[in-house]
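Number of protein chains: 2
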Amino acid sequence: MKPFQNISVYLGVEENNVIKEQHPMQETLDQRLTERNIKPTAVRLLVLKAFMAQEAAIGLADLENRFDHADKTTLYRTLKTFEEHKLIHSIDDGTGALKYALCQETCDCTPEDLHVHFLCTVCNKTFCLNDTPIPQINLPTDFSLDSVNMVVKGLCSDCR
Amino acid sequence: MKPFQNISVYLGVEENNVIKEQHPMQETLDQRLTERNIKPTAVRLLVLKAFMAQEAAIGLADLENRFDHADKTTLYRTLKTFEEHKLIHSIDDGTGALKYALCQETCDCTPEDLHVHFLCTVCNKTFCLNDTPIPQINLPTDFSLDSVNMVVKGLCSDCR
DNA sequence: GCACTTTTGCAACCCGGTTGCATAGGCTCC
DNA sequence: GGAGCCTATGCAACCGGGTTGCAAAAGTGC
Ligand SMILES: [Mn+2]
Ligand SMILES: [Mn+2]
Ligand SMILES: [Zn+2]
Ligand SMILES: [Zn+2]
Chain A
535 MKPFQNISVY LGVEENNVIK EQHPMQETLD QRLTERNIKP TAVRLLVLKA
585 FMAQEAAIGL ADLENRFDHA DKTTLYRTLK TFEEHKLIHS IDDGTGALKY
635 ALCQETCDCT PEDLHVHFLC TVCNKTFCLN DTPIPQINLP TDFSLDSVNM
685 VVKGLCSDCR
Chain B
535 MKPFQNISVY LGVEENNVIK EQHPMQETLD QRLTERNIKP TAVRLLVLKA
585 FMAQEAAIGL ADLENRFDHA DKTTLYRTLK TFEEHKLIHS IDDGTGALKY
635 ALCQETCDCT PEDLHVHFLC TVCNKTFCLN DTPIPQINLP TDFSLDSVNM
685 VVKGLCSDCR
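Chains as they are written, first to last, in the numbering used here: chain A, 535 to 694; chain B, 535 to 694.
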């Protein structure tokens, strides 16, 4: 595979040769990246588009499958860059592979932005339950709380 | 390393050549294993003893370090056997390596036996909060709940 | 065009976990 | 106490997800 960073060609491969100017979504993608101080390269636009196109969280392997023409490392670093700039957050749902989901516009990845995640045991999709804050718990005395990871397993609405 | 299953020698290595008959703890270890239908071999007794000697959860790597003379695979399978027979349960605290902790005597690893786990961000020890049941949460409609993994990070009583 | 920075590709590595297979240990039955 | 059997152990190799080092390509400013 030859490196190829030209945006329209990259997008063309994905989008049946519809080039940049014909993408109405393009501006919002661009904007979403630049808002978070991420330079909008071809791969990054594609990855962001993937995130915006589906509700379920996305793992590195998913991206590898979806973008045959992009390298694993590049996709990996794209995820890291997105995470650093708080465009996405990582989710450890216990399946052994990290997944990522878009942060909400207002998100700053502070403890208040933490929320419950849901893993469907049938379709293996993972969802952010953004409206389900993590409940308070009582720790033993002399233990102090920093952060909480809460993953609920069950059946999603499609699988039940 | 030569395989060696003789219990007293194994225990001797660990216990400065105090042999089986001189262990007051021996019977309770034996008992705890046979209660769960696990044949009390040398390695198993040692591993169980390790679990009973400390409160914090134990990972495979810990066992490898503690028992130079025992093979990784054997220790791995010992953990699996213990888990299958519900003598211990596994804890995924997000550190990348599974840890294990003794089940309570009454434990049957049913959803009711689930509890919160605590990972200290300083000493990296993980504890069962057996007295901290996992709080109820409200799922979106059409989602059904199966199980929950809840890991709290913070400072333990020794590290604060 | 040229020099410089950033992004991408490729290969190799790391680590925790897991498997296949051979051997040793211990147990039963005679 | 030996033959046969089942289990536990050891060893080596593998696997998958993640990560790093380094070189080439692409983008940027002049
Ligand atoms: Mn989320
Ligand atoms: Mn526990
Ligand atoms: Zn589902
Ligand atoms: Zn601590």
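Even glycine gets a Cβ: it sits at the ideal position worked out from N, Cα and C.
By DSSP's criteria, residue i is part of a beta bridge. Which residues make up the other side?
| i | result |
| --- | --- |
| I622/B | L636/B |
| N683/B | V685/A |
| S678/B | L689/A |
Got a sec, what are the start and stop residues for the beta strand (DSSP E) residue i sits in?
| i | result |
| --- | --- |
| D596/B | Note, D596/B: premise wrong, no beta strand (DSSP E); alpha helix (DSSP H) at 594-600. |
| V581/A | No beta strand (DSSP E) holds V581/A; the alpha helix (DSSP H) holding it covers 576-587. |
| H651/B | 650-654 |
| F661/A | 660-663 |
Below 8 angstroms CB to CB, which residues in the same chain sit around residue i once its five sequence neighbours on both sides are set aside?
| i | result |
| --- | --- |
| K573/B | L567 |
| C637/A | K620, L621, I622, H623, C643, D647 |
| E617/A | H623, S624, Y634 |
| L582/A | L563, R566, L567, F616, L621 |
| N664/B | Q638, H649 |
Leaving out the 5 sequence neighbours to the left and right, which residues in its chain are closer than 7 angstroms to residue i when beta-carbon positions are compared?
| i | result |
| --- | --- |
| A595/B | A631 |
| L679/A | L673 |
| P667/A | H649 |
| A590/A | K659, T660, F661 |
| Q556/A | Note on Q556/A: pLDDT 46, under 50, position unreliable in the model; the coordinate value appears next. Same-chain partners within the cutoff: there are none. |
| V656/B | L689, C693 |
| E598/A | K606, L609 |
| D626/B | L632, N683 |
| I592/A | A584, F585, K633, Y634 |
Flag residue i as yes if its beta-carbon sits less than 8 angstroms from any beta-carbon of chain B, otherwise no.
| i | result |
| --- | --- |
| K687/A | yes |
| T666/A | yes |
| L613/A | no |
| V682/A | yes |
| F601/A | no |
| I671/A | yes |
| L663/A | yes |
| R566/A | no |
| Q556/A | Legend: pLDDT at Q556/A = 46, less than 50; position of this residue unreliable, no value from coordinates given. |
| P674/A | yes |
| R694/A | yes |
Would you please verify whether the beta carbon of residue i is less than 8 angstroms from any beta carbon of chain A?
| i | result |
| --- | --- |
| S678/B | yes |
| L594/B | no |
| S691/B | yes |
| R695/B | The question about residue 695/B has no answer here: the residues shown for chain B are numbered 535 through 694. |
Just to confirm my understanding: we take residue i, look at its own chain, exclude 5 residues before and 5 after, and list those with CB closer than 6 angstroms. What are they?
| i | result |
| --- | --- |
| D564/B | P574 |
| R612/A | The identity of residue 612/A in the sequence shown is Thr, whereas the question assumes Arg. For T612/A, where only same-chain residues beyond five positions count, the Cβ hits under 6 angstroms are V577, R578, V581. |
| F652/B | F661, L663, V686 |
| C641/B | D647 |
Checklist entry - Looking at chain B, which residues of the region 626-654 of chain A have a Cβ within less than 7 angstroms of any of its Cβ atoms? => result D626, G628, V650, F652
Item to check | Residue list, Cβ distance to ligand 5 heavy atoms smaller than 7 angstroms | outcome: What this structure holds is ligand 1, ligand 2, ligand 3 and ligand 4, not ligand 5.
Next on the checklist: Against chain A, which members of the region 573-589 of chain B pass a CB distance test of less than 9 angstroms?
Outcome noted: none
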